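Chemist:
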Amino acid sequence: MKISIFGLGYVGAVSLACLARDDHDVIGVDVDDAKLELIRSGKTPVVEEGMVDLMQRVVAGGRVRVTRDARMAVRESDVSLVCVGTPSASNGSQDQSAMLAVARQIGEGIGAKNGPHTVVFRSTLVPGTVEEVLAPLIAEASGRVAGRDFHVCFQPEFLREGSSIRDYDKPPFTIVGASTQPPVDLLRKLFGHLPCEFHQTSVRAAEMVKYSCNNFHALKITFANETARVCEALGVDPFEVMELVCSDRQLNIAPTYLKPGYAFGGSCLPKDLRATAYLAKMHDVELPMMAAILPSNRAHVDHAIAKVLATGKRSVGMIGLSFKPGTDDLRESPLVALAEHMICKGMNLLVYDAEVHLSNLLGANRRFIEQHIPHIGSLIRSDIADVVAASEVLVVGLATPMVASRLAELVRPDQVVIDLVNLPTRDRIAGTYEGLCWSRERA
Ligand SMILES: NC(=O)c1ccc[n+]([C@@H]2O[C@H](COP(=O)([O-])OP(=O)(O)OC[C@H]3O[C@@H](n4cnc5c(N)ncnc54)[C@H](O)[C@@H]3O)[C@@H](O)[C@H]2O)c1
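Position in the sequence shown (first residue = 1) + 85 = my numbering.
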């Protein structure tokens, strides 16, 4: 394939060398003359394992050209990969000035070219940038129509500095965000041979995945380091602790707990987080990330409360009260927190939870609910149909298969359903559906 690469930093230079190695004709474009000169003479502009030899080899092989001339690069290639920097601006926003300049130049190149062109954005971009900013900019600069005369898509880059050639050849996955099929087919030809899964999604989701991956990596590092600081204070070996933590592949290093849903609660996580924070305080150890978990969890409860209040309705039926399915434990249940708030706001509240039978609640569990909702007995109904029949809004906080199918049968078109748990039967539910952080239709 004939490929132009805009931006010859870590991502662009490694991509240029690897694509040329794989027998593609590559034109590199940059505004930095020093980088262009280095590549022209077979040298690498970035320090990366394997790049010295690879660059020398591919440049000597005659498959690499470099230029400042964006128009020429677009004219003489079928596809442009855009890898320019997107650093932080002083206020934390993304500085897209290089990206905007390149998009405009590529647009002008497309306008001056006969035949189709595909633009693949590989730089990290805040969600919405490709569809709302870059595609319109290219269309305006070229006078051509996106999706017909040219195609745009977003393919996040996952290579890491220090191991970039190895990561290029073995990425965790290939993700292509596109709203038309031709760029996906093109990228399958270019990267489909790599030993990883190839996922096709919307442009916006692909942009967001890149942020989620980086944020998750940062979170993991910070978790290990905060744990190490507590371990140090306690005289415990942090490596041993983290190795054992990571050896649990059921709950820890696993997709478990990584699904969007409602807040956590129960008799363990909140109290243990609090105890960890207190322990750290006793030893003068700062744990800003762990200390932020409970406030973040509370923000999620507040988000659910705001959704219910925004309906403007007064009769609320809650499906679920305990902190998770299959238990009657009400201690620190985030559904109890939601119910309490509804009561404080003077709502007419009814509750159904198949597992919660007040006469069976004992000890700390009984004390907890008596402290928080003393008249809970008058709000609980043993038949879900009674709660549905009497409510304008249904808040679904727990959904066994039985509850999900009963809701599909019982909910009326005039009712609002606020789904905190990603109901499997939501397509069959009459009424206005609102997911806590998602819509009824999934991409
Ligand atoms: N560095 C990484 O490990 C890595 C990994 C994955 C994704 N990313 C993302 O990839 C993008 C590029 O990162 P990088 O580390 O390679 O950046 P970099 O700063 O090393 O390189 C960017 C290059 O773009 C060039 N450039 C600037 N304006 C230009 C223009 N108008 N025309 C042509 N070239 C221009 C610069 O001269 C520079 O050579 C960023 O969005 C980054 O977030 C980086």
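From the three backbone atoms N, C-alpha and C, an ideal C-beta is built for every residue, glycine too.
Computed from a prediction, not measured in an experiment: that's the story for all the values here.
Which residues, in chain order, sit with a beta-carbon under 6 Å away from any heavy atom of ligand 1?
Modeler: Counting every residue whose Cβ lies closer than 6 Å to a heavy atom of ligand 1, we get Phe-91, Gly-92, Leu-93, Gly-94, Tyr-95, Val-96, Gly-97, Val-114, Asp-115, Val-116, Asp-117, Lys-120, Cys-168, Val-169, Gly-170, Thr-171, Ala-183, Ala-186, Val-187, Ser-208, Thr-209, Glu-242, Leu-244, Arg-245, Glu-246.
Chemist: Taking the Cβ atom as the reference point for each residue, do Ile-503 and Val-480 lie within a distance shorter than 8 Å?
Modeler: Contact flag set, yes.
Chemist: Taking only runs of the beta strand (DSSP E) that begin and end inside the stretch 274 to 325, which ones reach a length of at least 3 residues, in chain order?
Modeler: For the stretch 274 to 325, whole beta strand (DSSP E) runs of length 3 or above, ordered along the chain, are 282 to 286.
Chemist: By the three-class DSSP mapping on this structure, what secondary structure does Arg-156 have?
Modeler: Arg-156 falls in the helix class under three-state DSSP.
Chemist: Which residues in the same chain have their Cβ closer than 6 Å to the Cβ of Val-436, if we skip the five residues on either side of it in sequence?
Modeler: The residues are Met-403, Leu-406, Leu-464, Ile-465.
Chemist: Taking just the CA atoms, how far does Val-114 sit from Arg-148?
Modeler: Their backbone Cα atoms lie some 14 Å apart in a straight line.
Chemist: Grab the span of the alpha helix (DSSP H) containing Lys-356 for me, first residue to last.
Modeler: Start and end: 354 to 367.
Chemist: With Gly-448 as the anchor, note down where its alpha helix (DSSP H) starts and where it stops.
Modeler: Its alpha helix (DSSP H) spans residues 448 to 457.
Chemist: Assuming the contact rule is C-beta atoms closer than 8 Å, Val-496 and Ala-515 should be a hit. Round their C-beta distance to whole Å, please.
Modeler: Rounded, the Cβ-Cβ distance is 5 Å, consistent with contact.
Chemist: Thinking C-alpha only, which one of Val-370, Val-167, Arg-383, His-388 is nearest Val-204?
Modeler: Minimum Cα distance to Val-204 is reached at Val-167.
Chemist: Please tell me whether Leu-492 has its Cβ less than 8 Å away from any Cβ of chain B.
Modeler: Considering every chain present, this structure includes no chain B. It has just one protein chain.
Chemist: Once DSSP output is grouped into helix, strand and coil, what is the label at His-526?
Modeler: First, the residue type needs correcting, since residue 526 is Glu and not His in the sequence shown. Glu-526 falls in the coil class under three-state DSSP.
Chemist: Any idea what DSSP makes of Leu-479, helix, strand or coil?
Modeler: Three-state DSSP puts Leu-479 in a strand.
Chemist: Alpha carbon to alpha carbon, how far is Asp-252 from Val-144?
Modeler: Going from the Cα of Asp-252 to the Cα of Val-144 covers about 21 Å.
Chemist: Beta-carbon separation of Gly-262 and Val-230 under 8 Å?
Modeler: Against a cut-off of 8 Å, the Cβ pair of Val-230 and Gly-262 comes out as no contact.
Chemist: Could you have a look at Gln-190 and say whether DSSP puts it in helix, strand or coil?
Modeler: Three-state result, Gln-190: helix.
Chemist: Counting Cβ pairs closer than 8 Å, one from the stretch 122 to 131 and one from the stretch 266 to 285, do we hit at least three?
Modeler: No, because fewer than three Cβ pairs between the stretch 122 to 131 and the stretch 266 to 285 fall closer than 8 Å, the two stretches do not touch.
Chemist: Mind checking Phe-408: buried by the 16 CB within 10 Å criterion, or exposed?
Modeler: The residue is buried, with at least 16 neighbouring Cβ atoms inside 10 Å.
Chemist: With Pro-257 and Cys-238 assumed to form a contact (beta carbons below 8 Å), what rounded beta-carbon distance in angstroms separates them?
Modeler: Rounded, the Cβ-Cβ distance is 19 Å, inconsistent with contact.
Chemist: Express the C-alpha separation of Val-501 and Lys-398 in angstroms, rounding to a whole number.
Modeler: Approximately 9 Å, taken between the alpha carbons.
Chemist: At which residue ranges does the stretch 223 to 269 contain complete beta strand (DSSP E) runs of 3 or more residues, listed in the order of the chain?
Modeler: Segments of the beta strand (DSSP E) lying fully in the stretch 223 to 269: 235 to 239, 258 to 262.
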